[in-house]
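As structure tokens, the structure follows; a few thoughts come after it.
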Ligand SMILES: Nc1nc2c(ncn2[C@@H]2O[C@H](COP(=O)(O)OP(=O)(O)OP(=O)(O)O)[C@@H](O)[C@H]2O)c(=O)[nH]1
Ligand SMILES: [Mg+2]
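Residue numbers (UniProt numbering): 1 to 431.
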């Protein structure tokens, strides 16, 4: 570990300031300006826990509050602003059978077009696994028909209801079944590809007839397209190559009662966050400059980890789940603060929090930009700690793009980093 005092002299490289060509800088600035909108479908059978997880992650609900949630009627659409330049259009699709039938028939093109991400939730306690899988297969075939580029995440949920010793086995076995069903669905779609990609716009695509129940919906999409030719022509099936979904999809074991939910959702948003490589490069520069062991960047409301960086020493930390644990701990702590101070749960409650663990480590969590908090973990040492705090404050302007899409290239110019000229703002660097 280098001398802590040296941090005040080091100048991490901000985006665009690494001597790249002006074309590169311009391209980067243009990229920073883009606002990304993503349609996220949240599907699964009724009672599987979709609205619960959405409310906990994005609306500051406690796990126990979700018991009061009623069944979602049709589709609950919400726009979640995630950082300055990402909007998640969350489609929380009520999972009662009548609604599911409707999504797969009358609303098929409307629901499954332009999807960025499908999150499919299975209730591990469900008694009718075959029926759940049949519905899942129908959803996947509709997705592949209209949005082949969509990413798929499958959450095997309510794992708290399984005995801890059996969780891994139960999850692996269910995940295996889901992958197999997905592979079968994709194989079936491939067989039918000629119809799907025909110039006439296809015949509405395949409708898997696997297992009992929802597989046999009365509104076959073939018929739907005959009845609604206009809708079909407005929303042509995707012509992109059929993805290898069974291997590309990610599966997670989740529960609203522990940090597993944060792990899954952090992975889901990770790929959606714009400018991720810029964020990662700059976090790495900052981490090396202040001699940190680890840096985590959290989104302000959800406390999901947007990006992280570890030094070689930080990488040796044996606790692989520490990131989602920190999300869970900080959010619970925020809720506790709200309870004992009488502040609303959605209000900002803390701007800075430091913890010095004797000769082991020091850490601080501080409001970083308007939309983010930063956690810095470092070796002990008062000078190193104080210097790091000042340098993190000084680095805020580099991360302004996290707060809004519009940024003048000049504002990316290298700010001088050092204890003496640290920005004395209120943490809202992007305002
Ligand atoms: N044990 C346990 N219960 C959960 C979990 N997640 C959600 N629940 C409970 O499951 C019930 C139904 O949850 P909802 O989120 O309303 O289910 P939904 O998928 O939105 O249902 P629909 O809106 O009808 O499609 C609630 O009482 C939740 O408290 C979990 O991880 N474990
Ligand atoms: Mg619901």
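Glycine is no exception: its CB is placed at the ideal position from the N, C-alpha and C atoms.
- Using a C-beta cut-off of 8 Å, the segment 326 to 335 makes contact with the segment 251 to 264, since at least three inter-stretch Cβ pairs fall below that distance.
- When the alpha-carbon of residue 54 is set against those of 393, 254, 404, the nearest one is in 254.
- About 7 Å separates the beta carbons of residue 144 and residue 186, which is inside the 8 Å limit, making them a contact pair.
- Boundaries of the beta strand (DSSP E) around residue 76: 75 to 81.
- Ranked by Cα distance from residue 377, the options 321, 332, 119, 313 are led by 313.
- The beta carbons of residue 82 and residue 269 sit closer together than 8 Å.
- When DSSP states are grouped into helix, strand and coil, residue 45 belongs to the coil group.
- By the Cβ neighbour-count rule, residue 147 is buried, with 16 or more other Cβ atoms within 10 Å of its own.
- Checking the 7 Å criterion, the Cβ of residue 255 is within range of a heavy atom belonging to ligand 1.
- In this structure, ligand 1 has no non-hydrogen atom nearer than 7 Å to the beta-carbon of residue 131.
- With a 10 Å radius around the Cβ and a threshold of 16 neighbouring Cβ atoms, residue 358 comes out exposed.
- Linking residue 131 to residue 160 through their CA atoms gives a straight-line distance of about 22 Å.
- Nearest Cα to residue 107 within the set 117, 63, 93, 116: 93.
- At the C-beta level, residue 300 and residue 372 come within 8 Å of one another.
- Rounded to whole angstroms, residue 51 and residue 296 show a C-alpha spacing of 27 Å.
- Burial is judged here by how many other beta carbons sit within 10 angstroms of a residue's own beta carbon; residue 403 has at least 16 and is buried.
- Distances from the CB of residue 71 to the heavy atoms of ligand 1 include at least one below 7 Å.
- Per DSSP, reduced to three states, the secondary structure at residue 149 is coil, with no helix or strand assignment.
- Cβ-Cβ separation between residue 305 and residue 273: approximately 10 Å, too far for a contact (criterion under 8 Å).
- Linking residue 114 to residue 137 through their CA atoms gives a straight-line distance of about 19 Å.
- Between residue 38 and residue 88, the gap from beta carbon to beta carbon is short of 8 Å.
- Annotated as proximal: residue 368 and residue 396, with beta-carbon spacing under 8 Å.
- The three-state reading of DSSP puts residue 186 in helix, counting H, G and I together.
- Under the DSSP assignment, residue 278 falls in the alpha helix (DSSP H) whose first and last residues are 276 to 289.
- Our two residues, residue 122 and residue 158, have alpha carbons roughly 9 Å apart in a direct line.
- DSSP places residue 307 in the strand class (E or B) of the three-state scheme.
- When 141, 176, 163 are compared, the shortest CA-CA separation from residue 155 is found for 176.
- At least 8 Å separates the beta-carbon of residue 388 from that of residue 284.
- With fewer than 16 other Cβ atoms inside 10 Å of its own Cβ, residue 319 counts as exposed.
- In the DSSP assignment, residue 367 falls within the beta strand (DSSP E) that extends over 361 to 369.
- Cβ atoms of residue 380 and residue 353 stay farther apart than 8 Å, at about 17 Å.
- In the structure shown, residue 350 adopts coil according to DSSP, grouped into three states.
- Between the alpha carbons of residue 316 and residue 184 lies a distance of about 40 Å.
- For residue 115, the secondary structure class from DSSP, reduced to helix, strand or coil, is coil.
- Taking the Cβ atoms as the reference, residue 43 lies roughly 5 Å from residue 120, within the contact range of under 8 Å.
- Look at residue 372 here: in three-state DSSP terms it is strand.
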